[in-house]
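*Asks:*
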Amino acid sequence: MRPIQPLLYLWAAPATLIGLSLIPIALVQGGAVRVVRGVVEAHGGVITKLLKRGLPWIGSGGAAAMTLGHVVWGCDADCLEWSRDHERVHVRQYERWGPLFIPLYLAASVAAGRRGLDPYLDNPFEREAFEETDGDPRSA
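Position 94 of the sequence shown, counting from 1, maps to 94 under the UniProt record's numbering, and the rest follow consecutively.
If you want it as structure tokens, here you go:
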């Protein structure tokens, strides 16, 4: 563990607490949780329902996974495995921006949408994650 790591966990803690909040419900509903390289990964139950249904900032198509601080929600274990590198970029973004990350992310999506761009794919936080991992999904 890096010497600064405890401070990074603290800086990202507000979002991490949001991420942790649904895990007990998901576990009661048959979900699972584990820690991978210092990040809590959870799936199943209410978490899967939220991700598949879509959230206002995700869109109606839903998402395979979503990061909240040092917590990653996934639709299932395969989604968590498949998206791990991408979601770890978001973990580092939370470590950089702390409690500012969620409002900055949402503002970036709104700004992209107002410019006629894709609120997800053209969000600079997502672009960074795609560039560091699997490239632009539009070029596939």
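Heads up, the beta-carbon is just placed ideally off N, CA and C, and yes, glycines get one too.
Can you name, in chain order, every residue of its own chain whose Cβ lies under 6 Å from the Cβ of residue 122, other than the five neighbours on each side?
*Replies:* The residue you call residue 122 lines up with position 122 of the sequence shown. Same-chain partners within the cutoff: 112.
*Asks:* Taking only three categories from DSSP, how would you classify residue 8?
*Replies:* Mapped onto the sequence shown, residue 8 falls at position 8. Helix, per DSSP.
*Asks:* In the DSSP assignment, the beta strand (DSSP E) including residue 74 goes from what residue to what residue?
*Replies:* Looking up residue 74 in the sequence shown gives position 74. Its beta strand (DSSP E) spans residues 71-74.
*Asks:* Using three-state DSSP, classify residue 67 as helix, strand or coil.
*Replies:* Translated into positions along the sequence shown, residue 67 becomes position 67. It is a strand residue.
*Asks:* Helix, strand or coil for residue 37, going by three-state DSSP, please let me know.
*Replies:* Position 37 of the sequence shown holds residue 37. Residue state, collapsed to three classes: coil.
*Asks:* Near residue 108, which residues of its chain fall below 7 Å by C-beta distance, leaving aside the five closest residues on each side in sequence?
*Replies:* Residue numbering aside, residue 108 sits at position 108 when the sequence shown is read from its first letter. Answer for residue 108: 123, 124, 125, listed in chain order.
*Asks:* Could you tell me the distance, in whole angstroms, from the CA atom of residue 2 to the CA atom of residue 27?
*Replies:* Taking the first residue of the sequence shown as position 1, residue 2 is located at position 2. Taking the first residue of the sequence shown as position 1, residue 27 is located at position 27. C-alpha separation (whole angstroms): 31 Å.
*Asks:* Which value, in whole angstroms, describes the spacing of the CA atoms of residue 45 and residue 32?
*Replies:* Stepping through the sequence shown from its first residue, residue 45 is reached at position 45. Stepping through the sequence shown from its first residue, residue 32 is reached at position 32. Using only the alpha carbons, I get a separation of about 9 Å.
*Asks:* What residues in its chain sit with their C-beta under 7 Å from that of residue 9, if we drop five residues either side in the sequence?
*Replies:* The residue you call residue 9 lines up with position 9 of the sequence shown. Correct list, in chain order: 70.
*Asks:* Just the Cα atoms here: how many angstroms apart are residue 20 and residue 90?
*Replies:* Numbered from 1 along the sequence shown, position 20 holds the residue referred to as residue 20. Numbered from 1 along the sequence shown, position 90 holds the residue referred to as residue 90. Each residue's alpha carbon lies about 16 Å from the other.
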